[in-house]
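Numbering (my numbering), first residue to last: 8 to 663.
We put the beta carbon where it would ideally sit given N, CA and C, even for glycine.
Just below is one structure, and these are the notes that go with it.
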Ligand code: K7E
Ligand code: CUA
Ligand code: CA
């Protein structure tokens, strides 16, 4: 074993050999990055050092299915009728949705459409979903694409409380909220004056009021800097480019405030005491050009003092940009040199860090180096000490900075003091012990902080462990989202699925249990115990003011050209067998599903009118359209509901 200390970064070599795993994309990917600043990784990597505990890792994977994890094996393959023990909420990437998986089986149970229309449920077709998604003046959708990366759920007492989850849209800078009682998106907020909204994290408590021990804010990081205001005038003035860190109210989904910062935002983390939020920054150089973003050896993790920011907003110490009325406080370095009044604190972190994750004991934020082979452990009480004027040098809040392997991206936890970090370039997960990393960093060169390594297939992005981002981290399951799957599944042409790999982390060694193909392209996800959620199976008629509460209330109500059609569905018939419209009518059709039986969903399609949506038990939805095509249109139920499902239709007659 060899180790060295360089530029304040300590490193440990988990042991020799094991270049085999580099056969895959690693070499090419590393070579590609070399040109743009892998320099920080030093010559050690060439010697196959820090990242090369692989041999043992792959050996454990190969001999995976031993008696020790027979229980895990059984849990992974629930028998018919058995339920999973965990929920997983998965971002869908540029499908713009959120997926719900049962864990540890990895079975996909549901998709929650948010930013992108969904043909199954009629998301983007019904008036209710269009109101959430946002429309242009002509009633058409403002956006039809999205790119979801980070999904996180609301907290109470440091654990999920089953109220909400949130997910970002990187393309159009929007935050969506999902209700976890119905598993539907109920609000979307577009963030002003930002681009490339990437990291999000809900707070876990109020920074001031201890009674508010649950989520009331959601923090949003803007990855791309843009000229402020972005009006086409300052494209060639790099100094005009800025990035804003945004706070959204968890309940109203209004934007509360923003912070103008130096550098950019990548991923976001929040402390368990509510006092601190932070965002990793890979572009402290404020580079507008690609190469410029990799010129510095160290970037930063920017901390936000939430209470002070809100005091500044209250005191009127803010400005606004463009049409936005959102208060923007000044969090730039120049404006925050005095710790005792500072709103922000920039802890330095090596080269283009990516993920930042809060340890379940509440003590640390861990930044993954990406272009540096290190993880940086920042002690939160020390950051607070700095804000109190009790820590002379902010970077003294760094209690460990250790080598873990090539391309560290994200970190998960087992609640037993171990961290698990994805190594994108090494195609590995490294398990390392936080206390030992701290000891090693302090100078105890016998502290073996690398516990295990596991080869994954291939190039992992996110990973997460069961309950990892809560105080109840249980160290049972780890999942990693591999960005490449190459030879792992039947070939289906040029586009490969992603490979989600499920790993048993209950023992000392990680054991790879299963591969699951997933449609592109999940990023982050959370896995939590199923008893934290109590989803409802049936709506209440009172959920919609439009509800048609009785089949007798079905009617065509005319007011000039404006026509309201009130309709009910109850297996196996619709409330009206036929109804008449006139060509040119501006129609709003309201459909209530009067079946109150669990799982009895109906759908309604109107041929040639491009309309299809479903109504769940006791749910009401509406659509508006112009009856511009005369003729007979068989509206039919699309969702199999009954032996007479095929007969469940109604004639919409549009008179010429
Ligand atoms: Cu690493 Cu967008 Cu979370 Cu993807 S980000 S992996
Ligand atoms: Cu109602 Cu099918
Ligand atoms: Ca950089």
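- Within 7 Å of the C-beta of residue 513 there is not a single heavy atom belonging to ligand 2.
- The beta carbons of residue 562 and residue 573 sit about 5 Å from each other, so the pair counts as a contact at 8 Å.
- Per DSSP, the unbroken alpha helix (DSSP H) holding residue 448 starts and ends at 441-449.
- The nearest non-hydrogen atom of ligand 2 is 7 Å or more from the C-beta of residue 469.
- In this structure, residue 475 sits away from residue 79, with a CB-CB distance that is not shorter than 8 Å.
- Selection 192, 387, 231 evaluated against residue 180 yields 231 as nearest (Cα-Cα).
- In the three-state reduction of the DSSP assignment, residue 520 falls in the strand class.
- Put simply, the region 111-129 touches the region 80-97. At least three CB pairs are less than 8 Å apart.
- Taking 7 Å as the cut-off, the C-beta of residue 655 counts as close to a heavy atom of ligand 2.
- DSSP places residue 493 within a helical segment (H, G or I) once states are collapsed to three.
- Around the beta carbon of residue 483, a 10 Å sphere encloses 16 or more other beta carbons of the protein chains shown; the residue is thus reported as buried.
- In the three-state DSSP reduction, residue 128 falls in the coil class, being neither helix nor strand.
- Residue 209 is not a Cβ neighbour of residue 196, given a cutoff of 8 Å.
- The shortest CA-to-CA distance from residue 432 to any of 623, 421, 417 is the one to 417.
- With a cut-off of 7 Å, the C-beta of residue 648 is classified as near ligand 2, since at least one heavy atom of the ligand falls inside that distance.
- In the three-state DSSP reduction, residue 316 falls in the helix class (H, G or I).
- Here the C-alpha atom of residue 367 lies approximately 7 Å from the C-alpha atom of residue 479.
- Here residue 469 has 417, 488, 530, 531 as same chain residues with Cβ atoms under 6 Å from its own Cβ, once five neighbours each way along the sequence are excluded.
- Under DSSP, residue 97 takes part in a beta bridge, and its partners are 106, 532.
- For residue 134, the secondary structure class from DSSP, reduced to helix, strand or coil, is helix.
- A distance below 8 Å between beta-carbons, with the five flanking residues on each side excluded, links residue 327 to the following residues of its chain, in chain order: 333, 334, 335.
- Classified as exposed, residue 344 has fewer than 16 neighbouring CB atoms from the shown chains inside 10 Å of its CB.
- Note on residue 203: 16 or more other CB atoms within 10 angstroms of its CB, so buried under the neighbour-count rule.
- Taking 8 Å as the cut-off, the beta carbon of residue 248 is found closer than this to the beta carbon of residue 293.
- Note that the C-beta distance between residue 137 and residue 154 is not below 8 Å.
- Bounds of the alpha helix (DSSP H) holding residue 78 are 77-83.
- By the criterion of at least three beta-carbon pairs nearer than 8 Å, the region 396-414 is in contact with the region 346-353.
- Beta-bridge partners assigned by DSSP to residue 254: 226, 264.
- Under the three-state reduction of DSSP output, residue 476 falls in the coil class, being neither helix nor strand.
- The distance from the Cβ of residue 254 to that of residue 286 is about 12 Å, inconsistent with a contact at the 8 Å cut-off.
- If you compare the alpha carbons of 534, 330, 543, 661 with that of residue 107, the shortest gap goes to 534.
- Note that the region 355-365 does not touch the region 257-267; fewer than 3 beta-carbon pairs, one per stretch, sit closer than 8 Å.
- Relative to residue 299, the option among 359, 251, 314, 261 whose CA is nearest is 359.
- Buried is the label assigned to residue 166, since at least 16 other Cβ atoms lie within 10 Å of its Cβ.
- Within 7 Å of the C-beta of residue 115 there is not a single heavy atom belonging to ligand 3.
- Secondary structure remark: continuous beta strand (DSSP E) runs of at least 3 residues inside the region 281-354, in chain order: 283-288, 305-312, 335-337.
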